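Residues in the sequence shown are numbered consecutively from 3, following this note's numbering.
Don't be surprised by glycine CBs; every beta carbon is placed ideally from N, CA and C.
Just so it is clear, the structure is predicted and the values come from calculations on it, not from any experiment.
As structure tokens, the structure follows; a few thoughts come after it.
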Amino acid sequence: MAQRVPTADTGAKKTSRVRVAVRLRPYMEKEDDKAEGPCVRGLDSQNLEIINWRNATETVKYHFDAFHDEQTTQQGVFLASVKPILPHILTGQNASVLAYGPTGAGKTHTMLGSRERPGVIPRAVKEVFNLVRPQEEAQDGWGCSLTMSYLEIYNEKVLDLLSPSTQDLPIREDKDRNILIPGLTQTPLASFADFDQHFVPASLNRTTASTKLNQRSSRSHAILLIKVVRTQRAPPHRQQTGKLYLVDLAGSEDNRRTGNQGLRLKESGAINLSLFTLSKVVDSLNGGTGGRVPYRDSKLTRLLQDSLGGSSHSVMITNIAPEYSYYFDTFSALNFAAKSKLIVNKPFVRETLTVPVPQVKRPREEAEGDQLRKK
Ligand code: ADP
Ligand code: MG
3 MAQRVPTADT GAKKTSRVRV AVRLRPYMEK EDDKAEGPCV RGLDSQNLEI INWRNATETV
63 KYHFDAFHDE QTTQQGVFLA SVKPILPHIL TGQNASVLAY GPTGAGKTHT MLGSRERPGV
123 IPRAVKEVFN LVRPQEEAQD GWGCSLTMSY LEIYNEKVLD LLSPSTQDLP IREDKDRNIL
183 IPGLTQTPLA SFADFDQHFV PASLNRTTAS TKLNQRSSRS HAILLIKVVR TQRAPPHRQQ
243 TGKLYLVDLA GSEDNRRTGN QGLRLKESGA INLSLFTLSK VVDSLNGGTG GRVPYRDSKL
303 TRLLQDSLGG SSHSVMITNI APEYSYYFDT FSALNFAAKS KLIVNKPFVR ETLTVPVPQV
363 KRPREEAEGD QLRKK
């Protein structure tokens, strides 16, 4: 029998902030019927501004832990916002990376990316293998194993994407305050190729099939869990578990404005409950009010309870789009994410805007993808 080592977060009262980063996707002509140009622009690595709709001679300026402009590569986002938190999961701590924002703003691009421009998920998994390898070779009497689980929260139901026939799975908490899902598939991973083989088909199913599925993918939270278990080879076989959650959240757009009815409306309600609760949890952790963090109010936050706040390391990447058609969703996403905002009395001069990035593959990122695949 393996004996558990209590991880650093058990019993600890300390709560850590959720780091908030914003990523602006490039301007796309096809998203801008009226050819109005962008209404958002970056200022520097922590600040951006958006036109104030109440008064076009003003902009609203927002401040974040990090701002990634439309030129930022997949590698750039990974290095700045994700890579630094990964070593913690090898010491029995938990971590989470969440992509937030309206549908069409770049959540899936950020998390999953494409073969040519791989996103946070493949880069993080590769990096975890890089971190584990030297530990394996260290001969310090500990062995290390990795597993993956992949699930979806849809309509407040927890579904196993690696075993699609299963029904709504329960979320439990053990005596050490660890959150677990009994019955959830845990696939052992010996290499990155193993991961690719299991994850890619499951994620492609979810993201690129019919329009119907696309709608579903914008209405559900897709959650990849990578677990690192370190076990002492000799008795008492102590064990340390670190979890990494990589989450592509449901679209944050306000579904009430799109006239949803029936099932759609029910879905919207459920999505709004999870995202609304997530916003309360993040506010509560970041505001440090010391009150109860409402983790139990939705499935998403309940699942992430031991990996969001506490002594875990979390980052939320808020994805936004620059076109006017996204204006109100952008505004609400920014208000959710911002540490502070400021109204600036200065016209948003179009001439000074960055030239829209042409819709061609950038050679640098193609090279990145090749490099990643070869490893
Ligand atoms: P979401 O998952 O939030 O609905 P997607 O990731 O599907 O949004 O992005 C919408 C479209 O914009 C896709 O065609 C995607 O490839 C493109 N896109 C998003 N972010 C970027 C980016 N940073 N650079 C280039 N294209 C992007
Ligand atoms: Mg998506």
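**OP:** Might you give, ordered along the chain, the residues of its own chain that have their beta carbon closer than 7 Å to the beta carbon of Val127, omitting 5 neighbours on each side?
**Re:** As a first step, residue 127 is located in the sequence shown; it is residue number 125 there, counting from the start. Only Phe194, Phe197, Ile228 meet the Cβ criterion.
**OP:** Give a yes or no on whether the C-beta atoms belonging to Gly253 and Ser205 are separated by under 8 Å.
**Re:** On the sequence shown, residue 253 is found 251 positions in, with the first residue counted as 1. On the sequence shown, residue 205 is found 203 positions in, with the first residue counted as 1. Gly253 is not a Cβ neighbour of Ser205, given a cutoff of 8 Å.
Original post:
Which value, in whole angstroms, describes the spacing of the CA atoms of Lys177 and Gln307?
Top reply: For the purposes of this step, residue 177 is identified with residue 175 of the sequence shown, where counting begins at 1. For the purposes of this step, residue 307 is identified with residue 305 of the sequence shown, where counting begins at 1. So the two alpha carbons sit approximately 14 Å from each other.
Subject >> Bounding residues of the alpha helix (DSSP H) (the contiguous stretch that carries Lys301) >> reply: The residue given as residue 301 occupies position 299 in the sequence shown. For Lys301, the enclosing alpha helix (DSSP H) has its first and last residue at 301-305.
Original post:
Counting Cβ pairs, one atom from each stretch, are 3 or more of them under 8 Å apart for the segment 114-133 and the segment 41-60?
Top reply: Verdict: no, contact absent.
**OP:** Indicate whether Ser151 and Leu186 have their beta-carbon atoms separated by less than 8 Å.
**Re:** Stepping through the sequence shown from its first residue, residue 151 is reached at position 149. Stepping through the sequence shown from its first residue, residue 186 is reached at position 184. Less than 8 Å divides the Cβ of Ser151 from the Cβ of Leu186.
Original post:
Leaving out five residues before and five after Leu355 in sequence, what residues of the same chain have Cβ atoms less than 8 Å from its Cβ?
Top reply: Mapped onto the sequence shown, residue 355 falls at position 353. Residue confidence is low: Leu355 scores 44 on pLDDT, short of 50, so the model does not pin down where it sits. Its coordinate-derived value is still stated next. Within the same chain, Cβ atoms closer than 8 Å to the Cβ of Leu355 are found at Gly39, Pro40, Arg43, the five residues on either side in sequence being excluded.
Original post:
Candidates Pro172, Arg232, Gln137: which alpha carbon is nearest Ile155's?
Top reply: Residue mapping note: residue 155 aligns to position 153 of the sequence shown, counting from 1. Out of Pro172, Arg232, Gln137, the CA that lies nearest to the CA of Ile155 is found in Pro172.
Subject >> Complete beta strand (DSSP E) runs within the segment 64-117 (minimum length 3 residues, chain order) >> reply: Restricted to the segment 64-117, the beta strand (DSSP E) segments that are unbroken, complete and at least 3 residues in length are 68-70, 97-102, listed in chain order.
Original post:
For Arg27, which residues of its own chain have a beta-carbon under 8 Å away from its beta-carbon, when the five flanking residues on both sides are left out?
Top reply: Here residue 27 refers to the residue found at position 25 of the sequence shown. Closer than 8 Å at the Cβ level, and outside the excluded window around Arg27, lie Glu72, Ala107, Gly108, His111, Asn321, Ile322, Ala323, Pro324.
Subject >> Where Leu164 sits in the DSSP three-state scheme >> reply: Locating residue 164 in the sequence shown gives position 162, where the first residue counts as 1. Looking at Leu164 - three-state DSSP - the assignment turns out to be coil, as it is neither helix nor strand.
Original post:
Can you tell which of Val22, Asp299, Leu344, Gln199 has its C-alpha closest to the C-alpha of Ala2?
Top reply: Outside the shown range of the chain (3 to 377) lies residue 2, about which nothing can therefore be said.
Original post:
What is the C-beta distance between Val295 and Val20, in whole angstroms, given that I count them as a contact (C-beta under 8 Å)?
Top reply: For the purposes of this step, residue 295 is taken as the residue at position 293 of the sequence shown. For the purposes of this step, residue 20 is taken as the residue at position 18 of the sequence shown. The C-beta distance from Val295 to Val20 rounds to 11 Å, too long to meet the 8 Å contact threshold.
Subject >> Near the ligand ADP: Gly78 beta-carbon under 7 Å from a heavy atom >> reply: For the purposes of this step, residue 78 is taken as residue 76 along the sequence shown, with counting starting at 1. Distance from the C-beta of Gly78 to the nearest heavy atom of the ligand ADP is not below 7 Å.
**OP:** Reducing DSSP to helix, strand and coil, say where Ile123 ends up.
**Re:** As a position in the sequence shown, residue 123 is number 121, starting the count at 1. Ile123: helix per DSSP, three-state reduction.
**OP:** Please name the residue, chosen from Ile53, Ile225, Gly145, that lies closest to Leu153 on a Cα-to-Cα basis.
**Re:** Your numbering for residue 153 matches position 151 in the sequence shown. Closest by alpha carbon: Ile225.
**OP:** Could you check which residue in Tyr328, Leu50, Phe201 has the C-alpha nearest to that of Asp34?
**Re:** For this step, residue 34 is matched to residue 32 along the sequence shown. Closest by alpha carbon: Tyr328.
Subject >> Cβ distance (whole Å) where Ser334 is taken to contact Ala97 below 8 Å >> reply: Your numbering for residue 334 matches position 332 in the sequence shown. Your numbering for residue 97 matches position 95 in the sequence shown. The Cβ separation is near 27 Å, so there is no contact.
Subject >> C-beta atoms of Val99 and Val346 nearer than 8 Å >> reply: Residue numbering aside, residue 99 sits at position 97 when the sequence shown is read from its first letter. Residue numbering aside, residue 346 sits at position 344 when the sequence shown is read from its first letter. No, they are not a contact pair.
**OP:** Would you list the residues sitting across from Val295 in a DSSP beta bridge?
**Re:** One-based indexing of the sequence shown puts residue 295 at position 293. The partner list for Val295 (beta bridge, DSSP) is empty, contrary to what the question assumes.
Subject >> Nearest residue (CA-CA) to Gly78, options Lys282, Leu148, Pro120 >> reply: What you label residue 78 is simply residue 76 of the sequence shown in a count that begins at 1. In this structure, Pro120 is the residue among Lys282, Leu148, Pro120 with its C-alpha nearest to the C-alpha of Gly78.
Subject >> Endpoints, the beta strand (DSSP E) within which Tyr247 is located >> reply: Here residue 247 corresponds to residue number 245 of the sequence shown, with the count starting at 1. Where Tyr247 is concerned, the enclosing beta strand (DSSP E) stretches over 240-250.
Original post:
What three-state label does DSSP hand Leu336 in the structure shown?
Top reply: As a working mapping, residue 336 is identified with position 334 in the sequence shown. Three-state result, Leu336: helix.
Original post:
Is Pro104 near Asp250, with beta carbons less than 8 Å apart?
Top reply: The sequence position of residue 104 within the sequence shown is 102, counting from 1. The sequence position of residue 250 within the sequence shown is 248, counting from 1. For the 8 Å CB-CB criterion, Pro104 and Asp250 do not form a contact.
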